[in-house]
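Okay, so here's the structure we're looking at.
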Amino acid sequence: MPSAEPRPAAAAANRPAPVTRARGRAPRLRGDRYDRSEVLTAALFVLPAVTVLGIFVLYPILSAARTSLTSWNGYSPTKEFVGLANYTALLHDPALWNSLGVTVLYAAGVSVLGVVSGLAVALLLDSPIRARGLYRGVYFLPAVTSSVAAAIVWRYLFDPAGWVNTALGSVGVDGPDWLGNRWLALTLLTGLTVWKNLGFNVVLYLTGLQALPTSVFEAAQLDGANLWQRIRRITVPLLRPITFFVVIQALITTFQAFDLVYVLTGGGPRGGTEVLGMFMYREAFRLGNFGYGTAIAFATLYLVLAVSLVQWRVSGSGRSSLR
Amino acid sequence: MNRRAATFGRHAVLLVGAVAVVVPFLWMFTTSLQTRAETYTSTSVLPTSWHWENYAHAWAAAPFGRYYLNSLVMAVGIVAGHLVLDALAAYAFARLRFPLRDQLFVVLLAMLLVPTFVTVIPAYSLVAGFGWIDTYAGLIVPRLADVFGIILLRQYFAGIPQELDDAARIDGCSRAGTFFRIMVPLSMPAFATLAIFSFLFAWNDFLWPLLVTNSDEMRTVQIGMASFEGRYGTTWNYLMAGTVMATVPAIAVFMVFQRLLVRGIAMTGLKD
Numbered sequence: 104m105p106s107a108e109p110r111p112a113a114a115a116a117n118r119p120a121p122v123t124r125a126r127g128r129a130p131r132l133r134g135d136r137y138d139r140s141e142v143l144t145a146a147l148f149v150l151p152a153v154t155v156l157g158i159f160v161l162y163p164i165l166s167a168a169r170t171s172l173t174s175w176n177g178y179s180p181t182k183e184f185v186g187l188a189n190y191t192a193l194l195h196d197p198a199l200w201n202s203l204g205v206t207v208l209y210a211a212g213v214s215v216l217g218v219v220s221g222l223a224v225a226l227l228l229d230s231p232i233r234a235r236g237l238y239r240g241v242y243f244l245p246a247v248t249s250s251v252a253a254a255i256v257w258r259y260l261f262d263p264a265g266w267v268n269t270a271l272g273s274v275g276v277d278g279p280d281w282l283g284n285r286w287l288a289l290t291l292l293t294g295l296t297v298w299k300n301l302g303f304n305v306v307l308y309l310t311g312l313q314a315l316p317t318s319v320f321e322a323a324q325l326d327g328a329n330l331w332q333r334i335r336r337i338t339v340p341l342l343r344p345i346t347f348f349v350v351i352q353a354l355i356t357t358f359q360a361f362d363l364v365y366v367l368t369g370g371g372p373r374g375g376t377e378v379l380g381m382f383m384y385r386e387a388f389r390l391g392n393f394g395y396g397t398a399i400a401f402a403t404l405y406l407v408l409a410v411s412l413v414q415w416r417v418s419g420s421g422r423s424s425l426r
Numbered sequence: 009m010n011r012r013a014a015t016f017g018r019h020a021v022l023l024v025g026a027v028a029v030v031v032p033f034l035w036m037f038t039t040s041l042q043t044r045a046e047t048y049t050s051t052s053v054l055p056t057s058w059h060w061e062n063y064a065h066a067w068a069a070a071p072f073g074r075y076y077l078n079s080l081v082m083a084v085g086i087v088a089g090h091l092v093l094d095a096l097a098a099y100a101f102a103r104l105r106f107p108l109r110d111q112l113f114v115v116l117l118a119m120l121l122v123p124t125f126v127t128v129i130p131a132y133s134l135v136a137g138f139g140w141i142d143t144y145a146g147l148i149v150p151r152l153a154d155v156f157g158i159i160l161l162r163q164y165f166a167g168i169p170q171e172l173d174d175a176a177r178i179d180g181c182s183r184a185g186t187f188f189r190i191m192v193p194l195s196m197p198a199f200a201t202l203a204i205f206s207f208l209f210a211w212n213d214f215l216w217p218l219l220v221t222n223s224d225e226m227r228t229v230q231i232g233m234a235s236f237e238g239r240y241g242t243t244w245n246y247l248m249a250g251t252v253m254a255t256v257p258a259i260a261v262f263m264v265f266q267r268l269l270v271r272g273i274a275m276t277g278l279k280d
């Protein structure tokens, strides 16, 4: 066993391994043989987390997958098997297509604005600037607040008779009915979500920025690259793993969104903010169609998986074109 | 001169952003100190009156002390679990070669994408079967590990130069030893980040504590707040006082961890 020797092949393959690249690139030194002590260590390390996740996440998922093939109403002891009926019904449900459109717009807005605002604030904070800790603390405040509390405050602020419209009125502007118009309501929901996630994204980007080697920037500066060029050509590409993470987080938050929507708009007006999570909740918990609701959840899951795969491909090819 | 202008511009942008972030909070705080009549008429974001007794009313209206204790026990348990279990798994995924590693990791990623509602009902039946309803075990054990933390730490570990591992191995360090002596000390910023995320997740979590607690004794702050909202929905000053009380501990803990985060970054020597 060459365990005491440096392994250049393994080292090269392991070093920058982001999520996208791990697959299919595991070093194969001698066919498919593994180092026994390494596998044993790995098993011990992975087992506690895998046990917990297996029992309390994976098993429930599989159990729910079965439910999506039934017409279960949530309490009856028997679950009638209906095959793929829930899924075919879903394809013909206009509420699904509305909900899907709303969710995609919401996800796109939160991803783009989340990356831009997070990166911008992190870049502004990544230097010895006065009151830096204070700024960081302030920007993190929304992330610290519970969804319920945040959404209640926003709902009240943007009430037709709320603070925002009163303030607009005092400068002669007739404030709109924010939550009564579907586009304004969706914009507001997007704003609330970006506002709430800003602190997380800033901390993620700051952690990434602080791990970047300063020597690269100094070299670029010596070569005459200006600030914008350094950001575009060095910072942004080097931070790609973080951006990947921020976008994935945004997709997960929006495709699973519930608390914020539930409290801010309840899915209205007339389905204008009925994201997939809300649609699923309405079907399962309000109308008692648990089988159908679970089918919505699984359709969502397949969709998110597909989008993520495309994103990995795109970010993967983007990376190789840089080389 | 140019440098000074740049610094000024920086502050200007940061300040505008900070005001936008802070207004809803100021407003929440201001409302919590108003009389009920004022909450419907006042337009000021800054407090105009100081009815601190609203807080006493809110505090007395529900057993907030007990809620705080429950939230704290649950949050500490979950954070500790994430730091230990996630880190161990993340190291194996980042550095060790074992059969089905990549397949297992993809399964984990897929689990992250599954909406919570899907798992909540079967997970509840499971926990009820264990007799864990209204116990700390029910609140903590199912959430001792999470995929988010595993991915976060794995990404961070992957960024640490492999040469450090190799050097330690050549010097006769075992793989576990490499983890504890090289990776852990170098990853303090990532651990601090994960601790913050996990604490906030636990403190603000709503659906699961709602399901697995029935008695008022075992409720967490968020659940207590929700029932409080049900009763005091129209008295916004009390409601906002309650909201402030539920939010302040999370902010305090964040401030403490934030310092740790900064110190951790200075300690690693990754930034030259």
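From first to last, the protein sequence lines stand for chains A and B.
For the first sequence, the numbering used here assigns the number 104 to the initial residue and increments by one for each residue that follows.
For the second sequence, the numbering used here assigns the number 9 to the initial residue and increments by one for each residue that follows.
Ideal Cβ positions, reconstructed from N, Cα and C, are used throughout, including at glycine.
Check whether residue i and residue j have beta carbons under 8 Å apart
| i | j | result |
| --- | --- | --- |
| Ala258(B) | Trp216(B) | no |
| Arg239(A) | Leu222(A) | no |
| Met226(B) | Asp142(B) | yes |
| Ile86(B) | Ser235(B) | no |
| Arg103(B) | Phe165(B) | yes |
| Tyr308(A) | Ala211(A) | no |
| Gly180(B) | Tyr75(B) | no |
Of the residues the options, the one placed nearest residue i, counting alpha carbons only
| i | options | result |
| --- | --- | --- |
| Leu161(B) | Met196(B), Ala176(B), Ala28(B) | Met196(B) |
| Val53(B) | Asn62(B), Arg44(B), Pro32(B), Gly73(B) | Pro32(B) |
| Asn284(A) | Phe261(A), Asn176(A), Ile232(A) | Phe261(A) |
| Leu202(B) | Ile168(B), Ile159(B), Ala166(B) | Ile159(B) |
| Phe199(B) | Thr43(B), Ala88(B), Ala175(B) | Ala88(B) |
| Leu112(B) | Val207(A), Arg389(A), Val153(A) | Val153(A) |
| Thr282(B) | Ala118(B), Gly25(B), Leu147(B), Leu91(B) | Not covered by the structure: residue 282(B). The range shown for chain B is 9 to 280. |
| Gly391(A) | Ser179(A), Phe148(A), Val410(A) | Ser179(A) |
| Ala26(B) | Leu208(A), Leu165(A), Ala225(A), Tyr242(A) | Tyr242(A) |
| Gln230(B) | Asn78(B), Arg44(B), Ala13(B), Pro130(B) | Asn78(B) |
| Arg136(A) | Ile204(B), Leu108(B), Trp140(B), Thr221(B) | Leu108(B) |
| Arg79(A) | Ser411(A), Leu367(A), Ala145(A) | Missing from the structure shown is residue 79(A); chain A here goes from 104 to 426 and no further. |
| Leu199(A) | Arg389(A), Gly374(A), Leu412(A), Leu408(A) | Gly374(A) |
| Leu282(A) | Pro340(A), Tyr405(A), Thr376(A), Leu244(A) | Thr376(A) |
Own chain partners of residue i with C-beta closer than 6 Å, once the 5 adjacent residues on each side are dropped
| i | result |
| --- | --- |
| Met383(A) | Gly396, Ile399, Ala400 |
| Pro55(B) | Thr38, Leu41 |
| Trp58(B) | Leu41 |
| Ile190(B) | Leu172, Ala176 |
| Phe106(B) | none |
| Thr191(A) | none |
| Trp175(A) | Lys182, Phe393, Gly394 |
| Leu203(A) | none |
CB contact below 8 Å: residue i versus chain A
| i | result |
| --- | --- |
| Trp35(B) | yes |
| Arg44(B) | no |
| Asp142(B) | no |
| Arg239(B) | no |
| Gly25(B) | yes |
| Arg227(B) | no |
| Arg105(B) | yes |
| Ala100(B) | yes |
| Ile259(B) | yes |
Residue-chain proximity (residue i, chain B), Cβ-Cβ < 8 Å
| i | result |
| --- | --- |
| Leu412(A) | no |
| Asp328(A) | Sequence inspection shows Ala at residue 328(A); the Asp mentioned does not correspond to that position. Judged by the 8 Å Cβ criterion, Ala328(A) is not in contact with chain B. |
| Leu404(A) | yes |
| Val185(A) | no |
| Ser174(A) | no |
| Pro151(A) | yes |
| Pro163(A) | yes |
| Gln359(A) | yes |
| Ala225(A) | no |
| Ala409(A) | no |
| Asp362(A) | yes |
| Arg416(A) | no |
| Tyr384(A) | yes |
Contacts around residue i, its chain only, beta-carbon distance under 8 Å, and the 5 residues preceding and following it disregarded
| i | result |
| --- | --- |
| Leu208(B) | Ala258, Phe262 |
| Leu363(A) | Ser250, Ala253, Ala254, Leu292, Leu295, Thr296, Lys299 |
Own chain partners of residue i with C-beta closer than 7 Å, once the 5 adjacent residues on each side are dropped
| i | result |
| --- | --- |
| Ala168(A) | Phe401 |
| Val267(A) | Leu260, Phe261, Gly278 |
| Met36(B) | Met248, Thr251, Val252 |
Check: residue i C-beta below 7 Å from any heavy atom of the ligand NAP
| i | result |
| --- | --- |
| Phe393(A) | The model depicted lacks the ligand NAP and carries no ligand whatsoever. |
Interface flag, residue i vs chain C, CB-CB below 8 Å
| i | result |
| --- | --- |
| Glu321(A) | No chain C is present in this structure, whose protein chains are A and B. |
inquiry  = Count Cβ pairs between the region 65–83 of chain B and the region 228–247 of chain B that sit closer than 8 Å; are there 3 or more?
reply    = yes
inquiry  = I want to know whether the region 356–372 of chain A touches the region 202–218 of chain A - three or more CB-CB distances under 8 Å.
reply    = yes
request  = Check whether the region 155–170 of chain A touches the region 114–127 of chain B, taking contact to mean three or more Cβ pairs, one atom from each stretch, closer than 8 Å.
outcome  = yes
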